[in-house]
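The structure appears right after this line, and notes come after that.
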Amino acid sequence: MMKILQHSVMMMFMPIIIVQCEESIYTYKGCKVYDVTPMTEDDVNFLHSLTENENFDFWSLRRNVGIISTVLVKPNQQDWFENSLNEKKIPFMVKIEDLEKVLNNERQSQLYTRNSRSSNSDGTLTFDRYYRHDEINKYLDNLAALHENFAVRTIGKSYEGRKIKAIKLTNGDGSENKNSIYIDAGTHAREWISVATALYLIEQLTTGDSLNILNNVDVIIQPVVNPDGYEYSHKFERLWRKTRSRSSAFQCIGCDPNRNFDYHWGEVGASNNQCSETYRGQTPFSEKETIALRDAVKEVKDSYLPETWKEIDEIAQIGANAIANATGTKYTIGSSTNVLYAAAGGSDDYFFAVDNIPISITMELPGGGFFGFDMPASKIEETVKESSIGIFAMIQAVSDKYK
């Protein structure tokens, strides 16, 4: 997500899963993934009626007729689901017959690449694999040691005690009048490509052609908002989405950090069912991870500019146009409710409406492989390069607008 604060902007990456299909390595054996195309409003409403059912895990769920939604269905509900779709004449296809086979291929590829190498000899990253949280923190610390203009700070600790770090990138001119861009990623644990994109931005602002951006703005990047969930998705349950906080009063673990911010908390799109993947948390800011992000952004900002949703759309459209012109990939611009789904308690709305940050944008990154969260390692570099085109275009637009 990107938010602009005068003396401060912010960007959050959330490409657009918890399925209870066990801990050791969680198995998705027999789980199928479907592409479903609702043709009427009744079809759309039928799909939305399944979102609180733990047997269904929607990876994408649109509000619009004619747009494909993707859903994982556990074995015990597959016959009922297919029969229901056929009765309602809703078009569908089985996208993945056995999810476990797909994920096992990913695990083997990750293990091979991780054992092959961890970084280039000069300390820069390679983008042929996904990095673990401890590797990311070490990378940030090494960058700060090598560049006197960069500073790494621990902005908090996760529920399980992992350090949550952010790096501030400047050109060292000492200016106190620059705007700042705050970029965070890895809010939802399974969205590994968002973390990779944040790391690629750091690389480009350190060694690439985009280094001159720091002449106009300071950039703060937090690569992993939800480190406990991120690590859990690597070690045990690939499609884990939430944090890993626990309450003795409940059996299920964690909450959706992007439903935990104190703006329209607990309203439409956020669940009060602790076992739901969109569980809002027991209270606003019940999670150490969301508190850390909130407080870090508040420390960066000091004054604000009046702003409107129209101007946010203009900035977002600049990013979308830049990507389309460079690669042909088209992004849709609009509110989450209109384009994707309602999501009360999100950080983008919170920072815009409560903290008065004038530009607050969520960028849903592209999926890959057979489904949206399983971007193959071979596609990481291509994807982060494409995404960075739009992000840097938005940063430049913000820099020009708020000089």
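Just so we're aligned: the sequence shown equals residues -21 to -1, 1 to 382 in mature numbering (1 follows the signal peptide of the UniProt record, and there is no 0). Glycine is no exception: its CB is placed at the ideal position from the N, C-alpha and C atoms.
Check	Outcome
Residue nearest to residue 370 in terms of C-alpha spacing, selected from 45, 134, 200	200
Which of helix, strand or coil DSSP assigns to residue 44	coil
Rounded C-alpha distance that separates residue 118 from residue 140	19 angstroms
Rounded distance between the beta-carbons of residue 250 and residue 242, thought under 8 angstroms	With a Cβ gap of about 17 angstroms, residue 242 and residue 250 do not count as contacting.
Separation of residue 269 from residue 263, as counted between CA atoms	9 angstroms
Beta carbon of residue 271 nearer than 7 angstroms to that of residue 181	no
Neighbour-count burial assignment, residue 146, 16 or more Cβ in a 10 Å radius	buried
Anticipated Cβ contact below 8 angstroms, residue 381 with residue 215, distance rounded	Not quite, the Cβ-Cβ distance comes to about 43 angstroms (not below 8 angstroms), so this is no contact.
In chain order, each beta strand (DSSP E) run of at least 3 residues that lies wholly inside the stretch 62 to 136	71 to 75, 129 to 136
Contact under 7 angstroms by Cβ, residue 50 with residue 71	no
Contained alpha helix (DSSP H) runs [length at least 4] in the stretch 165 to 212, N- to C-terminal order	171 to 186
Residue range of the unbroken alpha helix (DSSP H) whose run includes residue 247	It is not in any alpha helix (DSSP H) - residue 247 carries neither H nor E in the DSSP assignment.
8 angstroms contact criterion, which residue 48 and residue 39 should meet: CB distance rounded	6 angstroms
Reduced DSSP category for residue 150 - H, G, I as helix; E, B as strand; rest coil	coil
Option in 245, 238, 191, 239 with minimal Cα separation from residue 152	191
Residues bridged to residue 49 (per DSSP)	14, 39
Per-residue DSSP class, three states only, for residue 158	strand
Per DSSP, cross-strand counterpart(s) of residue 258	250
Length of the line joining the Cα atoms of residue 355 and residue 175	12 angstroms
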